[in-house]
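Below: one structure, written as structure tokens.
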């Protein structure tokens, strides 16, 4: 029986060691840079966002396919009262950026009647070139350009999602550090409150304190215990959220290493605004949208031009099956085709709408520039204010700690009352809470400032704003 008990205890011990060694149960050391790298590489929401990049890429491939080679069968059959006709062949086609379309390929035409049959094999070349309205890359390549712009927009959106994820990870990381330190401070506060409660109870029994004093201290101890349990629940919940941000199992626990305070040297606001206008991806998207409206206006003006196309055909064929028609022959033709509507009310309406879209996009650029300027000013002030509040909170915490120690010492020596001690402990708790909050806010304010300027993450150069691309 004793051997079984020892074996069972040893089994529990080994099981506990295995669980402690498992990555889900063991605290994994993690600093802020490593957390950011994990989130950018493994966050599930970000991975889902990346699918939009692939979707936009397929759209670009589909648009470019319009200018690729095409090969399709060409055939048909027809039966009338006195004859049967068949046609079959292949057509190889290619479209070029100016709008030129060329189609060529062999074709066989066969006719059967009651009096016999005939067959003609030919090689046909068809050419069609739009003139005026639909000529050139501006009109013909618009679908490809729009697909390219959608790819760039999807890439910008993905980069902005990465920056938002970085801010979320930093916020959660700092919140966890704050909660861990808050729990340590709450545990120390609970120990001091318990010690004060026992001392007050002893003095009550000695007649040196009243029942009211004991109840006051007991209430203070209960509040400290309640605050401790509440913060432990918050820590457990936020640890699960943090693990999910990093793409890990929700039960994964990390031993976080407190990061150093992010200290930045802020340039003048005017210089910061210029930096933001050169790096903000949302501003780059606004400029791109304006460029799209300029291009749309040019295409709409083309709509007022005549819609005429040059059409040419060359066909070389030979005939067989009819003694009267033998040998080789060829046929060529050149002509013009058009479908211009003299009533251009619809085209003029489209042009008017395009002009309005261009003016609206230009105003959006001005609004965005003013918004960026305001955001830079606000975040610069918020960062400086957060540093000032951290300095004040550190000084106040030091004063509150000194007051609490002095109040406890005087009470232990019998030269003070417990009301002064509980009041000092309450002030110390508030000062600790403000200090931890100010420390987290100061760190997060620096990252928010970098995100406002657009330099939190380095984006590809082709996605950055380039005012030279579009005339304002």
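In my numbering, the protein residues as written are 88 to 559. Think of the CB as a built atom: it goes at the ideal place given N, C-alpha and C, for glycine as much as any other residue.
query                                                                                                                        : result
Three-state class that DSSP yields for residue 504 in the structure shown                                                    : coil
CB of residue 139 within 8 Å of CB of residue 241, strictly                                                                  : yes
Closest by C-alpha distance to residue 423, when choosing among 448, 396, 432 and 439                                        : 396
Touching by the beta-carbon criterion (3+ pairs, under 8 Å), the region 429–441 and the region 323–335                       : no
Local Cβ density within 10 Å of residue 243, reported as buried at 16 or more and exposed below that                         : buried
Inter-residue CB distance, residue 543 and residue 534 (contact presumed, cutoff 8 Å)                                        : 6 Å
Contiguous beta strand (DSSP E) assignments of at least 3 residues, all confined to the region 415–439                       : 415–425
Cα-Cα separation, residue 118 to residue 294                                                                                 : 54 Å
C-alpha distance - residue 179 paired with residue 204, whole-angstrom precision                                             : 28 Å
Inter-residue spacing [alpha-carbon to alpha-carbon] between residue 143 and residue 418                                     : 45 Å
Nearest residue (CA-CA) to residue 351, options 474, 546 and 527                                                             : 474
Residue burial classification, residue 545 (beta-carbon count within 10 angstroms, cutoff 16)                                : exposed
Contact between the region 172–187 and the region 264–279 (3+ Cβ pairs under 8 Å)                                            : no
The region 375–383 / the region 436–451 touching (three or more Cβ pairs under 8 Å)                                          : yes
Presumed contact (8 Å Cβ cut-off) between residue 536 and residue 467, rounded CB distance                                   : 7 Å
Distance between beta carbons of residue 363 and residue 459, contact taken as under 8 Å                                     : 5 Å
Alpha-carbon to alpha-carbon, residue 498 and residue 304                                                                    : 13 Å
Start-to-end residues for the beta strand (DSSP E) that takes in residue 187                                                 : Segment: none, residue 187 is in no beta strand (DSSP E) and carries neither H nor E.
Residues near residue 520 in its chain [Cβ-Cβ closer than 8 Å; skip 5 each side]                                             : 269
Check whether residue 394 and residue 404 have beta carbons under 8 Å apart                                                  : no
The ligand COA heavy atom lying under 7 Å from the CB of residue 425                                                         : In terms of ligand content, the structure shown is empty, and the ligand COA therefore cannot be addressed.
Cα-Cα separation between residue 255 and residue 328, rounded to whole angstroms                                             : 10 Å
Neighbourhood of residue 356 by C-beta distance below 7 Å, restricted to the same chain and skipping five residues each side : 463, 464 and 467
Residue 306 versus residue 312 - alpha carbon distance                                                                       : 10 Å
Where residue 372 falls, given that 16 or more other Cβ within 10 Å makes a residue buried                                   : buried
Rounded C-alpha distance that separates residue 513 from residue 374                                                         : 55 Å
Secondary structure of residue 341, DSSP reduced to three states                                                             : strand
Stretch pair the region 119–134 + the region 212–222: three plus CB contacts closer than 8 Å                                 : no
Residue environment, residue 505, which counts as buried when at least 16 other CB atoms sit within 10 Å                     : buried
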